[in-house]
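Position 53, counted from 1, in the sequence shown is what the UniProt record's numbering calls 53; the numbers after and before it change by one each time, with no gaps.
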Amino acid sequence: MQKHLEQIEHELVKRIYKEFLVKFDGNKSEFARAALCSETTVRRVFRNEQRMTVDLLLRFCFALGIDVNEIFEGINILNEK
């Protein structure tokens with residue numbers, strides 16, 4: 001189950017990164033300010049060096065102007081397929 005949860009988290013980070021590139025044109029400093037976190041945190045999450053908390057996930061979604069449900073769309077949380 002742990003591996004499945006990690007796969008979900010990696011997929012969420014990938015989706016957030018794609019949105020980040022569109023909205024912030026790769027500017028991690030600006031994104032960090034909008035998400036009310038440090039640029040170091042943004043860098044670590046995008047490099048999969050730091051786990052993303054629920055709080056951070058919500059901050060990232062807020063900064064991107066997207067609903068958290070959009071990020072989870074199509075992800076099957078219960079099945080490990």
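All C-beta atoms in this analysis are idealised placements derived from N, C-alpha and C, irrespective of residue type, glycine included. Note that this is a predicted model, so its numbers are computed, not measured.
{"Asked": "Reduced DSSP category for Ile71 - H, G, I as helix; E, B as strand; rest coil", "Found": "helix"}
{"Asked": "Sequence-distant residues of the same chain with beta carbon closer than 7 Å to residue 83, five excluded per side", "Found": "Because the chain here runs from 1 to 81, residue 83 falls outside it and cannot be looked at."}
{"Asked": "Cβ neighbours of Arg15 in the same chain (closer than 6 Å, five flanking residues each side left out)", "Found": "Ile71"}
{"Asked": "Whole-angstrom distance between Leu56 and Ile66, CA atom to CA atom", "Found": "14 Å"}
{"Asked": "Val13 versus Phe46 - alpha carbon distance", "Found": "7 Å"}
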